[in-house]
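In what follows, a structure is listed as structure tokens, so that the remarks can point back to it.
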Amino acid sequence: MRFSTPGRAIVPQRIKIRHDIPERPSGSLMPGNGFTHRGCPQVTAGGSTSMHSLRWVPVWLVLLAIALWFAISYRFWPLPAAGEAGCHGAVTAVERIQGTAAVTPLDGRTVLTEGIVTADFTAREQLGGYFIQQGTQGPDQGQASRGLFIYAPGADVSPGERLRVRGEAGEYHGMTQLSGSRIEARCGEPGLPEPVSLSLPVDGEGKEALEGMRVRLEQGAIITGLYGLARYGVINLADGRLFQPTQIAEPGEGARQVAERNQERSLLLDDGSRRQFSALPQWVLRHYEADRRLRVGDALEDVEGVLDYRYGDWRLQPTTAPTVRTLNPPPEPLERPEDGIIRVAGFNLQNYFNGDGRGGGFPTARGAESAAAWRAQHQRLVTALDGLAADIIGLVELENDGTGERSAIASLTAGLEGSWEYARPQRRPGDDAIAVGLAWRSERVGPVGEPKVLRSPPFNQGSRPPVAQRFRHHASGAEFLVVVNHFKSKRCGEASGPNAAQGDGEGCWSAHRNAATRRLLQWLEQLREPMEAPNVVLVGDLNAYARETPLSLLEQAGYRNVLAGRHEGPASSYIYRAQSGTLDYILWAGESDVTVEAAGIQSVNADEPPLLHYSREERNGLPEPLTVSAQEPWRASDHDPTWVDLRPGIE
Numbered sequence: 017m018r019f020s021t022p023g024r025a026i027v028p029q030r031i032k033i034r035h036d037i038p039e040r041p042s043g044s045l046m047p048g049n050g051f052t053h054r055g056c057p058q059v060t061a062g063g064s065t066s067m068h069s070l071r072w073v074p075v076w077l078v079l080l081a082i083a084l085w086f087a088i089s090y091r092f093w094p095l096p097a098a099g100e101a102g103c104h105g106a107v108t109a110v111e112r113i114q115g116t117a118a119v120t121p122l123d124g125r126t127v128l129t130e131g132i133v134t135a136d137f138t139a140r141e142q143l144g145g146y147f148i149q150q151g152t153q154g155p156d157q158g159q160a161s162r163g164l165f166i167y168a169p170g171a172d173v174s175p176g177e178r179l180r181v182r183g184e185a186g187e188y189h190g191m192t193q194l195s196g197s198r199i200e201a202r203c204g205e206p207g208l209p210e211p212v213s214l215s216l217p218v219d220g221e222g223k224e225a226l227e228g229m230r231v232r233l234e235q236g237a238i239i240t241g242l243y244g245l246a247r248y249g250v251i252n253l254a255d256g257r258l259f260q261p262t263q264i265a266e267p268g269e270g271a272r273q274v275a276e277r278n279q280e281r282s283l284l285l286d287d288g289s290r291r292q293f294s295a296l297p298q299w300v301l302r303h304y305e306a307d308r309r310l311r312v313g314d315a316l317e318d319v320e321g322v323l324d325y326r327y328g329d330w331r332l333q334p335t336t337a338p339t340v341r342t343l344n345p346p347p348e349p350l351e352r353p354e355d356g357i358i359r360v361a362g363f364n365l366q367n368y369f370n371g372d373g374r375g376g377g378f379p380t381a382r383g384a385e386s387a388a389a390w391r392a393q394h395q396r397l398v399t400a401l402d403g404l405a406a407d408i409i410g411l412v413e414l415e416n417d418g419t420g421e422r423s424a425i426a427s428l429t430a431g432l433e434g435s436w437e438y439a440r441p442q443r444r445p446g447d448d449a450i451a452v453g454l455a456w457r458s459e460r461v462g463p464v465g466e467p468k469v470l471r472s473p474p475f476n477q478g479s480r481p482p483v484a485q486r487f488r489h490h491a492s493g494a495e496f497l498v499v500v501n502h503f504k505s506k507r508c509g510e511a512s513g514p515n516a517a518q519g520d521g522e523g524c525w526s527a528h529r530n531a532a533t534r535r536l537l538q539w540l541e542q543l544r545e546p547m548e549a550p551n552v553v554l555v556g557d558l559n560a561y562a563r564e565t566p567l568s569l570l571e572q573a574g575y576r577n578v579l580a581g582r583h584e585g586p587a588s589s590y591i592y593r594a595q596s597g598t599l600d601y602i603l604w605a606g607e608s609d610v611t612v613e614a615a616g617i618q619s620v621n622a623d624e625p626p627l628l629h630y631s632r633e634e635r636n637g638l639p640e641p642l643t644v645s646a647q648e649p650w651r652a653s654d655h656d657p658t659w660v661d662l663r664p665g666i667e
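Per the numbering used here, residue 17 is the first one in the sequence shown, and the count goes up by one each step.
Below is the structure:
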């Protein structure tokens with residue numbers, strides 16, 4: 017190559033220009049790396065790397081040559097832009113990383129993969145990562161998912177952009193992910209893939225095939241549980257209300273099949289956060305601000321997000337706010353029955369303890385933690401009880417502190433509308449912290465004789481001693497024996513031997529509850545013998561679902577569950593792990609001239625979110641739209657009250 021300038025001859029030298037520009041840099045171009053970068057030409061004279069060989073060439077001429085070289089090179093062989101570097105070449109497909117088993121086949125290996133960002137949860141209070149997806153369609157039958165979670169707290173990503181990401185494949189709480197990741201290249205913004213249609217029920221394999229993918233519940237979903245909303249920001253969803261297996265199937269194989277089906281029907285709607293007690297989702301707050309309630313049984317529509325698996329559950333991490341459709345509005349208070357009807361109710365109060373009875377003495381062994389919390393609990397329970405308009409009420413989970421003027425039952429009945437009296441056994445019913453009790457409206461009914469208490473085994477430990485009282489209806493003269501019960505719960509605790517869970521769905525302490533049922537039936541026969549009108553109403557919490565052994569034994573003995581068939585679908589008074597069922601009952605046995613006019617469950621508690629509970633309001637505070645007035649009954653307890661209307665004297 018030769019150079020010349022006007023008016024001066026220059027001894028030509030052999031100039032060697034080395035250019036090491038590859039077709040595409042292997043690394044991304046980052047700012048702040050200095051003034052030279054890989055691929056810049058180097059100019060030498062005579063093939064030497066020493067600049068001394070250029071001593072006869074003016075510096076400006078060398079600079080001009082370099083400038084010309086850059087101009088020509090960038091015109092015909094441009095370097096890739098920083099955001100598009102490394103967007104070509106082989107990658108490991110997301111499907112291969114996911115695999116079709118529960119664990120990635122590439123566990124522990126570092127891989128380079130590519131996908132479109134479908135959801136960004138990288139913030140500190142969120143999940144600490146983002147989701148990518150390859151392709152726009154769901155997997156074919158038997159194929160692996162095309163979505164993947166990238167653990168990368170604080171990463172700068174945007175939904176709709178295509179990334180190349182390198183990281184270590186592995187599992188975290190059962191979900192496949194890349195960890196220790198870094199973005200190798202940003203490859204444009206093709207936009208979000210369309211969500212894959214998801215219709216429940218879906219078995220575990222079907223959900224596994226969609227792990228990490230953008231999905232949409234086309235048919236919407238029904239809220240089945242709100243227990244985790246306050247603490248974890250989650251809502252249980254399914255294709256309809258879920259029932260406890262032994263609520264609708266016989267214990268054993270039938271119950272196991274229902275349990276498996278419930279798993280396939282269910283899904284958690286999460287809030288995209290791993291924090292506990294984080295702020296409630298804005299769509300929930302907006303719903304309450306519109307003076308509406310969010311209850312189990314309501315429908316969610318426009319449910320869209322990314323499906324993932326965390327902490328033992330399949331979850332939908334939302335990318336849009338769902339729409340609430342009210343299908344289960346809160347009930348109105350019951351109308352007062354006419355004079356010819358006797359209304360009997362039962363209510364588990366969820367630990368009503370009144371401290372020392374003077375406004376102090378808190379916290380107690382159970383129940384409210386302070387005087388302020390007790391006042392909130394007391395007023396809500398009074399509102400709920402008044403809303404039953406009952407003549408006789410069986411009370412469960414009362415503080416077992418006697419029947420004096422400062423006792424829990426005295427405090428509770430003093431707040432009720434009308435004139436109320438309550439049963440006063442000669443001594444406390446058992447030694448447990450809680451007990452059952454009976455109260456009645458004295459202008460409607462009156463007691464006949466003294467209350468009876470069954471203290472013999474198994475009611476001396478575990479199940480609380482039942483209390484029975486004979487009543488006479490003022491208007492008709494009809495007499496009834498009302499018995500309130502509270503059997504031992506299903507909590508396993510020290511359960512062993514026959515009381516341990518047997519795998520049939522009845523849970524722990526089933527043998528104890530069965531023994532309690534048989535002993536109760538023996539006692540009832542003794543109480544009914546001297547009665548001229550052997551009408552018996554059993555109320556209370558039996559801690560057994562409708563198809564379990566205690567209910568079968570009672571029905572075989574002639575006690576009819578008056579709540580059965582009174583509701584659309586199976587009845588429910590309690591919700592546990594997003595499955596509904598009845599633990600609370602009213603059973604009737606009596607003469608044919610007494611008619612069961614009506615019966616029901618007043619759903620003021622179980623379908624409401626526990627975040628409305630008075631203790632939550634005191635400990636953690638509630639946003640303004642979620643506060644509950646003292647004149648409202650919502651979530652006064654975790655059980656719903658039950659009731660029955662009986663009309664004497666009609667064939």
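The beta-carbon is built from N, C-alpha and C at its ideal position, and this holds for glycine as well.
**Asked** If we call anything under 8 Å between Cβ atoms a contact, is L332 one with L323?
**Response** Translated into positions along the sequence shown, residue 332 becomes position 316. Translated into positions along the sequence shown, residue 323 becomes position 307. Yes, these two residues count as a Cβ contact at 8 Å.
**Message:** At 3 residues or longer, what runs of the beta strand (DSSP E) sit wholly inside the region 284–328?
**Reply:** With a minimum length of 3 residues, the continuous beta strand (DSSP E) runs that stay inside the region 284–328 are 315–317, 319–326.
**Prompt:** Helix, strand or coil for Y561 per DSSP?
**Reply:** One-based indexing of the sequence shown puts residue 561 at position 545. In this structure, Y561 counts as coil in the three-state DSSP scheme.
**Prompt:** Does the Cβ of Y188 have 16 or more other Cβ atoms within 10 Å, making it buried, or fewer, making it exposed?
**Reply:** In the sequence shown, residue 188 corresponds to position 172, counting from 1. Classification for Y188: exposed.
**Request:** Return the residue from the list H528, L316, L432 that minimises the CA-CA distance to P338.
**Result:** As a working mapping, residue 338 is identified with position 322 in the sequence shown. Of the listed residues, the one whose Cα sits closest to P338 is L316.
**Item:** For G581, the nearest candidate out of G523, L397, Q114, T598 (CA to CA)
**Value:** Counting from one through the sequence shown, the residue named residue 581 turns up at place 565. Ranking the options by Cα distance to G581, first place goes to T598.
**Prompt:** Do H489 and V461 have their C-beta atoms within less than 8 Å of each other?
**Reply:** Locating residue 489 in the sequence shown gives position 473, counting from the first residue. Locating residue 461 in the sequence shown gives position 445, counting from the first residue. Yes, the pair counts as a contact, with Cβ atoms nearer than the cut-off.
**Prompt:** Is the distance from the Cβ of P625 to the Cβ of L310 below 8 Å?
**Reply:** The residue you call residue 625 lines up with position 609 of the sequence shown. The residue you call residue 310 lines up with position 294 of the sequence shown. For P625 and L310, yes; Cβs fall inside 8 Å.
**8 Å Cβ cutoff met for T138 and I148** = For the purposes of this step, residue 138 is identified with residue 122 of the sequence shown, where counting begins at 1. For the purposes of this step, residue 148 is identified with residue 132 of the sequence shown, where counting begins at 1. The answer is no: Cβ separation not under 8 Å.
**Request:** Indicate whether at least one CB of chain B lies closer than 8 Å to the CB of V133.
**Result:** Reference to chain B is not applicable here, since this structure consists of a single protein chain.
**Request:** Would you give the residue range spanned by the alpha helix (DSSP H) that N476 belongs to?
**Result:** Along the sequence shown, read from residue 1 onward, the residue named residue 476 stands at position 460. Note, N476: premise wrong, no alpha helix (DSSP H); not H, not E.
**Asked** Should the region 497–504 be called in touch with the region 554–564, which here means at least 3 C-beta pairs below 8 Å?
**Response** Yes, the region 497–504 is in contact with the region 554–564.
**Request:** Output the distance between the C-alpha atoms of V319 and P217, rounded to the nearest integer angstrom.
**Result:** Taking the first residue of the sequence shown as 1, we reach residue 319 at position 303. Taking the first residue of the sequence shown as 1, we reach residue 217 at position 201. Distance between the alpha carbons of V319 and P217: 15 Å.
**Secondary structure of L365, DSSP reduced to three states** = Along the sequence shown, one-based indexing puts residue 365 at 349. Here L365 sits in strand by DSSP.
**Asked** Whose C-beta lies closer than 7 Å to the C-beta of E280 among residues of the same chain, with five residues either side of it excluded?
**Response** By one-based count along the sequence shown, residue 280 stands at place 264. Non-local C-beta neighbours of E280 in its own chain, meaning closer than 7 Å and more than five positions away in sequence, comprise P217, V218, D219, ordered along the chain.
**Request:** State the CB to CB distance for the pair I409 and A484, rounded to an integer number of angstroms; the pair is presumed to be in contact (CB under 8 Å).
**Result:** Within the sequence shown, residue 409 is the residue found at index 393, counting from 1. Within the sequence shown, residue 484 is the residue found at index 468, counting from 1. Not quite, the Cβ-Cβ distance comes to about 14 Å (not below 8 Å), so this is no contact.
**Asked** Can you tell me where the alpha helix (DSSP H) with W539 in it begins and where it stops?
**Response** Residue mapping note: residue 539 aligns to position 523 of the sequence shown, counting from 1. Start and end: 526–544.
**Prompt:** How long is the line joining the alpha carbons of Y368 and G453, rounded to whole angstroms?
**Reply:** Along the sequence shown, read from residue 1 onward, the residue named residue 368 stands at position 352. Along the sequence shown, read from residue 1 onward, the residue named residue 453 stands at position 437. When rounded, the distance between both Cα atoms is 12 Å.
**Message:** Cutting at 6 Å between CB atoms, please list the residues of its own chain near Y243, excluding the five before and the five after it.
**Reply:** By 1-based counting over the sequence shown, the position of residue 243 is 227. Correct list, in chain order: P626.
**Request:** Closer than 8 Å by C-beta to L208: which residues in its own chain qualify, once you throw out the five before and the five after it? Chain order, please.
**Result:** Position 192 of the sequence shown, counting from 1, holds the residue named residue 208. Counting only Cβ-Cβ distances below 8 Å, and skipping sequence neighbours, we find I132, T134, P175, G176, R230.
**Asked** Alpha carbon to alpha carbon, what distance is there between S588 and Y605?
**Response** In the sequence shown, the residue the question calls residue 605 occupies position 589. In the sequence shown, the residue the question calls residue 588 occupies position 572. The displayed chain sequence assigns Ala, not Tyr, to residue 605. Their Cα atoms are separated by approximately 22 Å.
**Prompt:** Among residues of its own chain, excluding the 5 on either side of R471, which ones have a beta-carbon nearer than 6 Å to its beta-carbon?
**Reply:** For the purposes of this step, residue 471 is taken as residue 455 along the sequence shown, with counting starting at 1. Taken in chain order, the residues that qualify are P481.
**Message:** Assuming R162 and P206 are in contact, meaning their beta carbons sit under 8 Å apart, how far apart are those beta carbons, in whole angstroms?
**Reply:** If you number the sequence shown from 1, residue 162 lands on position 146. If you number the sequence shown from 1, residue 206 lands on position 190. Not confirmed; about 15 Å, so no contact.
**Asked** Contact between the region 298–309 and the region 264–283: three or more CB pairs below 8 Å?
**Response** no
**Asked** Within 10 angstroms of its Cβ, does G50 collect 16 or more other Cβ (buried), or is it exposed?
**Response** Walking along the sequence shown from the start, residue 50 turns up at place 34. In this predicted model, G50 has a pLDDT of only 36, less than 50, meaning its place in the structure is not dependable; the value taken from the coordinates is given anyway. By the neighbour-count rule (16 or more Cβ atoms within 10 Å), G50 is not buried but exposed.
**Asked** Per DSSP, W659 is paired with what?
**Response** If you number the sequence shown from 1, residue 659 lands on position 643. DSSP lists A361, G616 as partners of W659.
**Cβ neighbours of R198 in the same chain (closer than 6 Å, five flanking residues each side left out)** = Against the sequence shown, residue 198 aligns to sequence position 182. If we look at R198 and ignore the five residues flanking it on each side, its Cβ neighbours are R182.
**Item:** Collapsed DSSP secondary structure at L79 in the structure displayed
**Value:** The residue labelled residue 79 in the question sits at position 63 within the sequence shown. Looking at L79 - three-state DSSP - the assignment turns out to be helix.
**Item:** Inter-residue spacing [alpha-carbon to alpha-carbon] between T672 and T335
**Value:** For residue 672 there is no data in the structure shown, the boundaries of the chain being 17 and 667.
**Contact set for G418: own chain, Cβ-Cβ below 8 Å, skip 5 residues either direction** = As a position in the sequence shown, residue 418 is number 402, starting the count at 1. Taken in chain order, the residues that qualify are R444.
**Asked** How would you label F293, buried or exposed, when you count the other beta carbons within 10 angstroms and need 16 or more for buried?
**Response** Indexing the sequence shown from 1 puts residue 293 at position 277. When all chains shown are included, F293 counts as exposed.
**Prompt:** For A455, which residues does DSSP report across the bridge?
**Reply:** Numbered from 1 along the sequence shown, position 439 holds the residue referred to as residue 455. Answer by DSSP bridge pairing, in chain order: I409, Y438.
**Prompt:** Would you call the region 254–273 and the region 100–118 touching, i.e. three or more CB-CB distances under 8 Å?
**Reply:** no
**Asked** Thinking C-alpha only, which one of E413, V398, G376 is nearest R382?
**Response** Here residue 382 refers to the residue found at position 366 when the sequence shown is read from its first residue. Residue E413 is the option with its Cα nearest to R382.
**Prompt:** Is DSSP giving L627 helix, strand or coil here?
**Reply:** Walking along the sequence shown from the start, residue 627 turns up at place 611. Looking at L627 - three-state DSSP - the assignment turns out to be helix.
**Prompt:** Whose C-beta lies closer than 6 Å to the C-beta of V578 among residues of the same chain, with five residues either side of it excluded?
**Reply:** Against the sequence shown, residue 578 aligns to sequence position 562. Closer than 6 Å at Cβ, skipping near neighbours: I602, W604, V612, A615, V660.
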